[in-house]
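Going down the list, the sequences are from chains A and B. Just remember that the working numbering sits 2 ahead of the position in the first sequence, which is counted from 1. Just remember that the working numbering sits 2 ahead of the position in the second sequence, which is counted from 1.
2 protein chains.
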Amino acid sequence: MRVYLAGPDVFLPDAAGRSARLKAICTAHGLTGIFPLDTTESIPDAWRALPEARFIALCNEAHIQGCDAMIANLTPFRGPSADAGTVFEIGYMRALGRPIYGWSNDPADFLARSTTFTGAVPDAAGERRDGEGMLLEAFGMHDNLMIDGAILASGGAIFTANPSPHARWSDLSAFTRCVAALAG
Amino acid sequence: MRVYLAGPDVFLPDAAGRSARLKAICTAHGLTGIFPLDTTESIPDAWRALPEARFIALCNEAHIQGCDAMIANLTPFRGPSADAGTVFEIGYMRALGRPIYGWSNDPADFLARSTTFTGAVPDAAGERRDGEGMLLEAFGMHDNLMIDGAILASGGAIFTANPSPHARWSDLSAFTRCVAALAG
Numbered sequence: 003m004r005v006y007l008a009g010p011d012v013f014l015p016d017a018a019g020r021s022a023r024l025k026a027i028c029t030a031h032g033l034t035g036i037f038p039l040d041t042t043e044s045i046p047d048a049w050r051a052l053p054e055a056r057f058i059a060l061c062n063e064a065h066i067q068g069c070d071a072m073i074a075n076l077t078p079f080r081g082p083s084a085d086a087g088t089v090f091e092i093g094y095m096r097a098l099g100r101p102i103y104g105w106s107n108d109p110a111d112f113l114a115r116s117t118t119f120t121g122a123v124p125d126a127a128g129e130r131r132d133g134e135g136m137l138l139e140a141f142g143m144h145d146n147l148m149i150d151g152a153i154l155a156s157g158g159a160i161f162t163a164n165p166s167p168h169a170r171w172s173d174l175s176a177f178t179r180c181v182a183a184l185a186g
Numbered sequence: 003m004r005v006y007l008a009g010p011d012v013f014l015p016d017a018a019g020r021s022a023r024l025k026a027i028c029t030a031h032g033l034t035g036i037f038p039l040d041t042t043e044s045i046p047d048a049w050r051a052l053p054e055a056r057f058i059a060l061c062n063e064a065h066i067q068g069c070d071a072m073i074a075n076l077t078p079f080r081g082p083s084a085d086a087g088t089v090f091e092i093g094y095m096r097a098l099g100r101p102i103y104g105w106s107n108d109p110a111d112f113l114a115r116s117t118t119f120t121g122a123v124p125d126a127a128g129e130r131r132d133g134e135g136m137l138l139e140a141f142g143m144h145d146n147l148m149i150d151g152a153i154l155a156s157g158g159a160i161f162t163a164n165p166s167p168h169a170r171w172s173d174l175s176a177f178t179r180c181v182a183a184l185a186g
């Protein structure tokens with residue numbers, strides 16, 4: 003089974019090393035991990051004339067199309083939610099109807115993280131709004147309800163860990179739980 | 003043509019009023035706007051047994067499936083990127099292969115916003131990394147390359163406006179440009 007390894011892991015200083023570590027865990031469970039930076043097998047000539055960013059986007063879409071499942075790193079990235087590219091890819095895979103698992107090294111729920119980020123306090127109705135009046139979601143989900151909803155509806159699950167801050171981008175225990183669940 | 007109106011607009015204090023304003027602009031251009039909070043036409047009985055957040059997620063997925071195109075509000079939301087729910091929906095629609103337009107009331111590019119958010123400074127190689135060593139994308143795109151790439155590959159476009167801060171969530175000039183482009 004081919005598994006697309008979505009996440010901001012591509013932005014790590016040693017992205018190649020990270021790719022190798024994630025793939026080794028997949029291999030140990032009988033799965034084939036596909037990292038976003040992997041070479042795409044068949045690339046239409048027209049793509050090569052595009053700006054690099056658009057070329058990368060199309061290659062990643064092709065990777066997802068060629069995978070049977072996805073494991074997504076939902077560790078919050080520059081705000082209360084997961085990395086935008088990862089979230090896009092979850093939506094893409096969800097429309098394909100294949101299983102999606104998520105993992106995060108921040109066990110706090112979305113409301114807690116959004117509250118910390120915005121400083122919102124409950125109003126008389128118990129709702130929280132940010133400084134611009136925008137409501138905070140309060141459903142007890144890990145992230146925006148579209149993300150949790152899609153993962154659960156796809157047959158997947160979300161696993162979290164709570165490593166110390168310095169291990170935020172190195173602890174792979176929650177990732178490993180995703181791999182084991184998908185392989186099981 | 004039915005158009006799904008993705009965005010954090012659902013979190014506005016007067017989300018119903020916002021829905022009406024967006025739909026009126028669509029109607030004036032011969033399009034039918036579908037707002038996430040609209041009632042879904044046919045709901046399987048099994049969905050009603052789910053927690054509310056999961057029910058909403060499935061209804062929104064059904065809305066997207068029932069639309070011919072999407073117009074997404076990409077105005078940055080609690081961080082440098084667009085709202086996570088909106089980004090998920092862009093990914094979903096992209097996998098369906100239908101046109102997606104994006105609009106934003108922040109004309110700064112993704113690198114500029116990410117730099118402001120993280121305080122990153124260029125290193126000797128000219129790259130910028132945040133306090134955790136994670137690279138900042140530097141492609142001149144409006145947001146993460148998956149978002150811009152998908153919108154452009156779908157045949158759509160991104161329009162921006164630069165309203166004063168108090169009009170950040172009320173200025174609809176960039177939205178109107180999306181509607182006109184899609185209707186044209």
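Virtual Cβ for every residue (Gly too), placed ideally from N, Cα, C.
For B:Ile-160, the pairing in a beta bridge is given by DSSP as B:Gly-104. A residue is called buried when at least 16 other Cβ atoms come within 10 angstroms of its Cβ; A:Pro-124 does not meet this threshold and is exposed. Taking a C-beta distance under 7 Å as the contact criterion, B:Gly-9 and B:Asn-75 qualify as a contact pair. Think of a sphere of 7 Å around the beta carbon of A:Thr-120: the chain B residues whose beta carbon falls inside it are Arg-80, in chain order. For chain B, the residues of the segment 81-111 of chain A that bring a beta carbon within less than 9 Å of one of its beta carbons are Gly-81, Pro-82, Ser-83, Ala-84, Asp-85, Ala-86, Gly-87, Thr-88, Val-89, Phe-90, Glu-91, Ile-92, Gly-93, Tyr-94, Met-95, Arg-96, Ala-97 and Leu-98, in chain order. With contacts defined as CB atoms closer than 7 Å, B:Ala-64 and B:Thr-42 qualify as a contacting pair. Counting every other CB atom within 10 Å of its CB across the protein chains shown gives A:Asn-164 a total below 16, marking it as exposed. Around A:Arg-100, the same chain offers Cys-69, Asp-70, Ala-71, Met-72 and Ser-156 as residues with beta carbons nearer than 8 Å, after the five sequence neighbours per side are excluded. Residue-level contact by beta carbon fails for B:Pro-38 and chain A, as no gap is shorter than 7 Å. Closest by C-alpha distance to B:Pro-109, out of B:Ala-126, B:Ala-176 and B:Leu-147, is B:Ala-176. Relative to the Cα of B:Arg-56, the nearest Cα in the group A:Asn-107, A:Gly-128, A:Trp-49 and A:Gly-142 belongs to A:Gly-142. In this structure A:Pro-82 is buried. Its beta-carbon is surrounded by 16 or more other beta-carbon atoms within 10 angstroms. Taking all protein chains shown into account, B:Arg-50 has fewer than 16 neighbouring C-beta atoms within 10 Å of its C-beta and is therefore exposed. By the Cβ-count criterion, A:Glu-91 is buried, with 16 or more other Cβ atoms from all chains shown falling within 10 Å of its own Cβ. Non-local beta-carbon contacts of A:Val-181 in its own chain, meaning distances under 7 Å to residues more than five positions away in sequence, involve Ile-27, Cys-28, His-31, Leu-33 and Ile-73 in chain order. When the alpha-carbon of B:Arg-20 is set against those of B:Ala-48, B:Ser-172, B:Arg-179 and B:Asp-145, the nearest one is in B:Ser-172. Membership of A:Ile-92 in the alpha helix (DSSP H) is indicated by the continuous run 86-98. Between B:Ile-66 and B:Gly-158, the C-beta gap is not smaller than 7 Å, which leaves the two residues out of contact. Looking at the backbone, the Cα of B:Ala-59 and that of B:Thr-117 are separated by about 32 Å. Less than 7 Å divides the Cβ of A:Asp-132 from the Cβ of A:Thr-120.
Of all residues in the segment 59-74 of chain B, those with a C-beta nearer than 9 Å to a C-beta of chain A are Ala-59, Leu-60, Asn-62, Glu-63, Ile-66 and Gln-67, reading in chain order.
C-alpha of A:His-144 to C-alpha of B:Gly-128: approximately 35 Å in a straight line.
For A:Ala-183, the enclosing alpha helix (DSSP H) starts and ends at 175-185. Here A:Gly-35 carries a strand assignment [DSSP, helix/strand/coil]. Following the DSSP letters along the chain, one finds A:Leu-147 inside the alpha helix (DSSP H) bounded by residues 147-155. Annotation: B:Ala-183 to B:Ala-126 spans about 42 Å, alpha carbon to alpha carbon. Pairing A:Arg-23 with B:Glu-134, the inter-Cα distance amounts to about 19 Å. With a threshold of 7 Å between beta carbons, B:Ile-149 makes contact with chain A.
Bounds of the beta strand (DSSP E) holding A:Arg-4 are 4-8. In the three-state reduction of the DSSP assignment, A:Pro-167 falls in the helix class, which pools H, G and I. In this structure, the alpha-carbon of A:Asn-62 lies about 12 Å from that of B:Arg-96.
Across the segment 133-167 of chain B, CB contacts with chain A closer than 7 Å involve Glu-134, Gly-135, Met-136, Leu-137, Phe-141, Met-143, Asp-145, Asn-146, Leu-147, Met-148, Ile-149, Asp-150, Gly-151, Ala-152, Leu-154 and Ala-155, in sequence order along the chain. Listed along the chain, the chain B residues whose CB falls inside 9 Å of the CB of A:Ser-21 amount to none; the nearest CB is some 14 Å away. Contact between A:Arg-130 and A:Ala-140 holds: CB atoms are separated by about 7 Å, below the 8 Å threshold. Restricting attention to A:Ala-86, A:Ser-166, A:Arg-179 and A:Leu-174, the CA atom closest to the CA of A:Ile-160 is found in A:Arg-179. In this structure, A:Ala-152 sits away from A:Leu-138, with a CB-CB distance that is not shorter than 7 Å.
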